[in-house]
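Asks:
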Amino acid sequence: MDPPAKPRKRFSSVFWRTLLALLLVLLLLKWGVVDGYEVRGNSMEPLLRDREGAPDRIAVFKRHYDLFEPERFDLVVFDRPLGDADPALASDLAGGLFVKRCVGFPGEKLLIRDGDVYVAPAGGGFGEAEPVLRPLDVLLGMLQTVSRLDPSAPGAEWLLPPQAAAAGAGDGGVDLDGRDEPGRGACIGFADVVRDDWIDAQGVLQRGGVAVNDVGLSFRARALDPAAEIRVELHEAGDTFTAILPVGAPPRIVRQRGLGEDEALAEGSAPCLLPEQDAAILFLNADDRALLLVNGAVVLETRYGRNTPVDGFPENAPALGVRNGRARFSEVEVLRDVHYSEYGCRHGVGEPYAVPEGEYFLLGDNSGNSRDSRHFGSVPRSCFAGRPFLIFRPASRFRFL
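Just so you know, we're using the working numbering here: the sequence shown kicks off at 12 and counts up by one.
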């Protein structure tokens, strides 16, 4: 058996590898292939942030779109569109550059409707078209936190049953007992409406008038009884989507149109919730699909088609709870998906926008705080300046893009 490497040799190996990597980065920078930029503004939050005193710095591969074709939802750094003369158009990066996602392609028709993006080929119509389906990593990277439950001071946004307010879990959690509660059992409800707030051209936050279609609930749950059943509710238009997670049995997702009967959308093949074990759960409605993730893995996913509007139906306030047993909930958050705002927009809103040849329709993740192709139209590929691939500062935000 070979003797273990000496500490000095291991240190030397790491040192030279690190030095070589730094030299390669410096050469790339010198040759102009890679450049670093400081993020300005929050049009791409939560992916890219401009926090006071610690804005993100990103590395951009400047030759990417000389070598590779753009793909849908790729990040693109680009120069100010040549035809745009709007003095209020603040840049996203130091140096007067912008960064958005590539959503519409040459020859396509694009329409933003109810906050979602629909794409049709040239000559095609939208009809019963479904929203553009984003890859899971892109979708999850766009989610923003609307509110976090603080059990000691839930505030006006949260509704807790009487016994939950007095429960002392010691870890910021809430104990619910749904054994004697009919219907949905004991529930934690979000009482506010998640609206499409937006920032006007003067930088002033405006209260949106439309309920965001796509919201989600993220939380940790521990079933304290073998008969307990965790339930999570999301609402959109006249539909209620409920994820049901019984202890020791497969989960399922059901849909209720208005006050009608439940219809099954999806059912799992194996249990994902065990008694006395913590589970990280995310139930999300986005792109006309319902997603259930447990401990970071997709357990159920289904596309359900168009919603069923019902006058007077509750808008989009989610809820979670337990019936037939007791459970502990913690780290409860309401999330919202990107809702492409229509305020002050001229392109792709109200009527389809035909993307010219050689141009692309680019959108920001933080829709209400982003000036993008909805305002100035599509962007020629000749304006593309590269693709971001790394957040390298601050150290706590280090990640590949």
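Beta carbons are placed, not taken as given, at the ideal position from N, Cα and C, and that holds for glycine.
P282 and G307: beta carbons closer than 8 Å?
Replies: The answer is no: Cβ separation not under 8 Å.
Asks: Extract the residue ranges of the alpha helix (DSSP H) inside the segment 173-259, only unbroken runs of 4 or more that lie entirely within it.
Replies: Taking only runs of at least 4 residues, the alpha helix (DSSP H) segments lying wholly in the segment 173-259 are 173-176.
Asks: Check the C-beta distance from G52 over to A101 and give it rounded, since I have them as a contact under 8 Å.
Replies: Going by Cβ atoms, the distance from G52 to A101 rounds to 6 Å, so yes, they are a contact pair.
Asks: Compute the minimum distance between the beta carbon of L235 and the heavy atoms of the ligand GDP, and state whether it is under 7 Å.
Replies: Ligands are entirely absent from the displayed structure, and the ligand GDP is therefore not among its contents.
Asks: Please list the segments of the beta strand (DSSP E) lying wholly inside the segment 275-355, counting only runs of 3 or more residues, in order along the chain.
Replies: The segment 275-355 contains these whole beta strand (DSSP E) runs: 289-297, 300-305, 308-314, 330-334, 337-347.
Asks: Grab the span of the alpha helix (DSSP H) containing F395 for me, first residue to last.
Replies: Note, F395: premise wrong, no alpha helix (DSSP H); beta strand (DSSP E) at 395-404.
Asks: When burial is assigned at 16 or more other CB atoms within 10 Å of the CB, is K120 buried or exposed?
Replies: K120 is buried by the Cβ-count criterion.
Asks: Distance, Cα to Cα, V305 vs A328?
Replies: Between V305 and A328, the C-alpha separation is close to 21 Å.
Asks: Just grab the DSSP bridge partners of K120 for me.
Replies: A131, A365.
Asks: Do you know offhand how far D191's Cα is from R233's?
Replies: Cα to Cα, the separation comes out at about 19 Å.
Asks: Nearest-angstrom Cα distance between V243 and S341?
Replies: In a straight line, the C-alpha of V243 is about 14 Å away from that of S341.
Asks: How many Å lie between P15 and D289 at the Cα?
Replies: Bear in mind that the predicted position of P15 carries a pLDDT of just 47, short of 50, making it unreliable; the figure below should be weighed with that in mind. Between P15 and D289, the C-alpha separation is close to 40 Å.
Asks: The alpha helix (DSSP H) with G138 in it runs from where to where?
Replies: No alpha helix (DSSP H) contains G138, which DSSP labels as neither H nor E.
Asks: Could you work out which residue in G126, P57, D273, P262 is closest to G220 when comparing CA atoms only?
Replies: Comparing Cα-Cα distances from G220 to each of G126, P57, D273, P262, the minimum goes to G126.
Asks: How many angstroms separate the CA atom of Y354 from the CA atom of D188?
Replies: Cα to Cα, Y354 sits roughly 44 Å from D188.
Asks: Okay, do the segment 381-397 and the segment 140-152 touch, 3+ Cβ pairs below 8 Å being the bar?
Replies: In short, these stretches do not touch, since the Cβ pair count stays below three.
Asks: Kindly list the residues whose CB is nearer than 7 Å to the CB of V310, restricted to its own chain and excluding five residues on each side of it in sequence; keep chain order.
Replies: Excluding residues within five positions, the ones whose Cβ falls inside 7 Å are P262, G279, C283, L303, L304.
Asks: Which of the three DSSP states is assigned to D77 in this structure?
Replies: If DSSP states are grouped into helix, strand and coil, D77 belongs with the helices.
Asks: Using DSSP bridges, identify the partner residues of W27.
Replies: Answer is none; W27 lacks a bridge partner.
Asks: When you compare only the Cα positions, how much space is there between R206 and E63?
Replies: Those two C-alpha atoms are separated by around 26 Å.
Asks: Do the segment 359-369 and the segment 45-59 meet, that is, are 3 or more Cβ pairs less than 8 Å apart?
Replies: No, they do not touch.
Asks: Cα-Cα, which of S158, G136, G134, V130 is closest to R145?
Replies: When only C-alpha atoms are compared, the closest one is V130.
Asks: Classify E274 as buried or exposed, calling it buried when 16 or more other Cβ atoms lie within 10 Å of its own Cβ.
Replies: Answer is exposed; the Cβ neighbour count stays below 16.
Asks: I'd like the list of long-range same chain contacts for F409, defined as Cβ closer than 7 Å, with 5 residues on each side in sequence excluded.
Replies: Result list for F409: I402, F403, in chain order.
Asks: Tell me which same chain residues have a C-beta within less than 7 Å of the C-beta of M153, skipping the five on either side of it?
Replies: If we look at M153 and ignore the five residues flanking it on each side, its Cβ neighbours are D348, V349, D376.
Asks: G379: buried (16+ other C-beta within 10 angstroms of its C-beta) or exposed?
Replies: Under this definition G379 is a buried residue.
Asks: Please report the distance separating the alpha-carbon of A180 from that of F26.
Replies: In this prediction, A180 scores a pLDDT of 49, lower than 50, which makes its location untrustworthy; the coordinate-derived value is nonetheless stated afterwards. Rounded to the nearest angstrom, the two C-alpha atoms are 47 Å apart.
Asks: So, at 7 Å on beta carbons, what are the nonlocal neighbours of G107 in its own chain, with the 5 sequence-adjacent residues on each side left out?
Replies: Only R91 meet the Cβ criterion.
Asks: Taking just the CA atoms, how far does A164 sit from G118?
Replies: So the two alpha carbons sit approximately 53 Å from each other.
Asks: Along the chain, where does the beta strand (DSSP E) that runs through L86 open and close?
Replies: Here the beta strand (DSSP E) through L86 covers 86-89.
Asks: Between the beta-carbon of R112 and the beta-carbon of D85, is there less than 8 Å?
Replies: Contact flag set, yes.
Asks: Just mark R266 as buried or exposed, buried being the case when its beta carbon has 16 or more other beta carbons within 10 Å.
Replies: R266 comes out buried.
Asks: What three-state label does DSSP hand V44 in the structure shown?
Replies: Coil, per DSSP.
Asks: I'd like to check one pair, F230 with E344: are the Cβ atoms closer than 8 Å?
Replies: Cβ atoms of E344 and F230: closer than 8 Å.
Asks: Mind checking which residues open and close the alpha helix (DSSP H) that includes R11?
Replies: Lying outside 12 to 412, the shown extent of the chain, residue 11 is not represented and no answer is given.
Asks: Identify the continuous beta strand (DSSP E) that holds F372 and give its terminal residues.
Replies: First-last of the beta strand (DSSP E) with F372: 370-374.
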